[in-house]
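These protein sequences, in sequence, are chains R and F. The first sequence stops at residue 121 when you use UniProt numbering, and every number in between is there. The second sequence stops at residue 391 when you use UniProt numbering, and every number in between is there. Here's the structure, in structure tokens; my notes come after.
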Amino acid sequence: MTKPLYSRGSLIGLMLMLLACALLFASEAVPASHLPKPDAARRQVLLHLLREDCGACHGLTRQGGLGSPLTAAALAGKPADSLVATILDGRPGTAMPPWRPFISEQEARWLVELLQQDLPR
Amino acid sequence: MTLRTLLSAVLAATALAGCATPTLRGSGDLGVVIERAAGSLQVVQQQPPASLARVRGLGDLSHASLVYSRDARYVYVFARDGGLSKVDLLTGTLQARVLQAGNSIGGAISSDGRIVAAQNYSPGGVKLFDADTLTLLADIPAQDAAGQSSRVVGLADLPGNRFAFALFDAGEIWLLDAANPCQPAITRYRGIGRQPYDGLASSDGRYYIAGLFGEDGLALLDTWHLDAGVRRILPAYGQGETRLPVYKMPHLRGWSLAGDYAFFPAIGQSQVLVADSRSWQSVAKVPVYGQPVFVMAEPGGRRVWVNFAFPHNDTVQVIDVPSMQVVHTLKPGRSILHMEFTARGDAVWLSSRDDDKVVVIDTRTLAVRTELPAANPSGIFFSWRAGRMGM
């Protein structure tokens, strides 16, 4: 059974935001910005991973649990680079594991962008 | 009277009779399947397997758990968003609901069945409620010696209206005596080990054991000898081995103890740890397919079933206890999150989150008896839990 994650309207909005983000990053010449975004199929896999497997500790609605909250409000002001590093390499001394075996750097960056924009839950 | 009016009169009379005399049934063969994403649960019948009702509006049910009332008619559902709901299984209706915390992780019910206890991450602590009305009786913030708040894990009931739980951040075990539920007495055991992640009470209510995430081993409290305090068991089980990243925190409950043995998930190892349940000395380490999440003995104790953390969660393995070997490897579905045996162990139900189904397996033949559709199922809870300590 597949469930639509977003309404068509919010999906278009999301794409516009992503486009805006991409332009922003391009103008700031962030080193990773030239990396290709995950394709549509991979994005579905990543969103599923975010919802279900990140959600195991951070909650389905990302309000937190054993893991800290991942809402846009909770992540506001945190540098994207450090969030990307946390996803990829984990946080020693906490229960956050490194996801590098399963997620590439550009994929982690895409997820951080989504989270900081508070994608629809 | 035309045939049509006669027919409608008969139908109406039948419907009325249906209303007046509802079919009687017991709750001993019922159960609940949590549908985590939809915030709903299904009331199920174990034999023959069937879905009887769906109850909605229970909040964020990721990591939801529940306990049964002592008459096994009601369940108390603890939702991640802090919601505590009381559901009537016989009518399939929500009876009461309170939003009792910002972030909750589970709960327990007292030995007399009159107190429901919720364990919370935020604000960290335990709250006690009247089981009939869900009226708040007591609020016990979990703070370490320095006053720092801690998330609470592993809440379990003990005989005599007592509860035990562990403080993840503080590394403590607390014993709560609710003889007076409005003014419970707390005994604190500090320095029990780093980051206890879950706990269990043995089915006789004697032992409370907390598993440690921040270091090797488990912390054991023998409630027959409280003065002896908490001691470490299975220390340094991971010595000499590389600790793997943990993608899903394991779970502990009383099903880990069976016969002469206790079976525990190793943290960061693809192993099941086996201890002697009298001496608590290590007996064996059983290599398995991935990192265990649930390590559950069949009710008879002859075999132990194990499911695994991401990315190995499509697999379930069965350990033969006398030989301490994996004897079966099953692939019942994608993302197997939970398992539940029937009271006498003739069948085991498994939730397959990503295949939106519950799989019922005959434990004798290992054949799939049936599959039931369920939306993103996680926890499965059968009504035998109503009469069991530590459940």
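Yeah, the Cβ is synthetic: ideal placement off N, Cα and C, and Gly gets one too.
Within the region 307–354 of chain F, the complete beta strand (DSSP E) segments of 3 residues or longer fall at 316–320, 325–330, 336–341 and 347–352, listed in chain order.
Closer than 9 Å at the C-beta level to chain R, one finds these residues of the region 112–136 of chain F: TYR121 and SER122. Annotation for GLN44(R): the continuous alpha helix (DSSP H) segment containing it runs 40–48. For ALA156(F), the enclosing beta strand (DSSP E) begins and ends at 152–158.
In the DSSP annotation of this structure, the continuous segment of the beta strand (DSSP E) that includes GLN42(F) starts and ends at 40–45. Using a Cβ-Cβ cut-off of 8 Å, GLN63(R) is close to ASP60, ARG80, ASP81, GLY102 and ASN103 of chain F, given in chain order. Taking 8 Å as the cut-off, the beta carbon of LEU49(R) is found no closer than this to the beta carbon of ARG62(R). Residues of the region 40–55 of chain R with a Cβ closer than 9 Å to any Cβ of chain F, in chain order: HIS48, LEU49, ARG51, GLU52, ASP53 and GLY55. For the 8 Å CB-CB criterion, VAL75(F) and LEU89(F) form a contact.
Contact between PHE294(F) and LYS248(F) does not hold, since their C-beta atoms are separated by about 10 Å, which reaches or exceeds 8 Å. Along the region 46–118 of chain F, the beta strand (DSSP E) occurs as fully enclosed runs of 3 or more residues at 50–55, 65–68, 74–78, 83–88, 93–99 and 103–109, listed in sequence order.
For ALA37(F), the chain R residues whose Cβ falls inside 7 Å of its Cβ are LEU60, in order along the chain. Among the CB atoms of chain F, one or more fall inside 8 Å of the CB of PRO97(R).
Per DSSP, GLU371(F) lies in no alpha helix (DSSP H); the unbroken beta strand (DSSP E) holding it starts and ends at 368–373. In this structure ASP227(F) is not in contact with TYR207(F), their Cβ atoms being roughly 15 Å apart against a cut-off of 8 Å. For ALA297(F), the beta-bridge partners assigned by DSSP are VAL304(F). Note that the C-beta distance between ALA50(F) and GLY379(F) is not below 8 Å. Rounded to the nearest whole angstrom, the CA to CA distance from PHE382(F) to GLU340(F) is 7 Å. In the DSSP assignment, GLU113(R) falls within the unbroken alpha helix (DSSP H) covering 105–116.
Here MET391(F) has ARG385 as same chain residues with Cβ atoms under 6 Å from its own Cβ, once five neighbours each way along the sequence are excluded.
Flagged as an interface residue toward chain R: MET249(F), by a C-beta distance shorter than 8 Å. The Cβ atoms of ALA275(F) and LEU234(F) lie closer than 8 Å to each other. Counting only residues of its own chain and dropping the five nearest sequence neighbours on each side, PRO287(F) has a CB closer than 8 Å to the CB of SER270, GLN271 and VAL326. Contact of PRO311(F) with chain R by beta-carbon distance below 8 Å involves PHE102.
If the five residues before and after VAL152(F) are omitted, its C-beta is found closer than 8 Å to the C-beta atoms of ILE105, GLN119, ASN120, TYR121, GLY124, GLY125, VAL126, ALA142, PHE165, ALA166, LEU167 and PHE168, all from its own chain and listed in chain order. Spanning the alpha carbons of ALA179(F) and LEU218(F) requires a straight line of approximately 28 Å.
Against chain F, the CB of LEU88(R) has no partner CB under 8 Å away; the residue lies outside that interface. Taking a cut-off of 8 Å for Cβ pairs, the region 301–310 of chain F and the region 248–262 of chain F touch, as three or more such pairs fall below it.
The way I'd put it, the region 99–113 of chain R doesn't touch the region 341–354 of chain F; fewer than three beta-carbon pairs between them come closer than 8 Å. In the DSSP assignment, VAL84(R) falls within the unbroken alpha helix (DSSP H) covering 80–89. Only SER335 from the region 333–344 of chain F bring a Cβ to less than 8 Å from some Cβ of chain R.
At least 8 Å separates the CB of LEU111(R) from every CB of chain F.
DSSP places ALA262(F) in the uninterrupted beta strand (DSSP E) bounded by 261–265.
Considering only ILE192(F), ALA266(F) and LEU136(F), the residue with the shortest C-alpha distance to SER282(F) is ALA266(F). For LEU350(F), the CB contacts under 6 Å within the same chain, skipping 5 residues up- and downstream, are PRO332, ILE336, MET339 and VAL359 in chain order.
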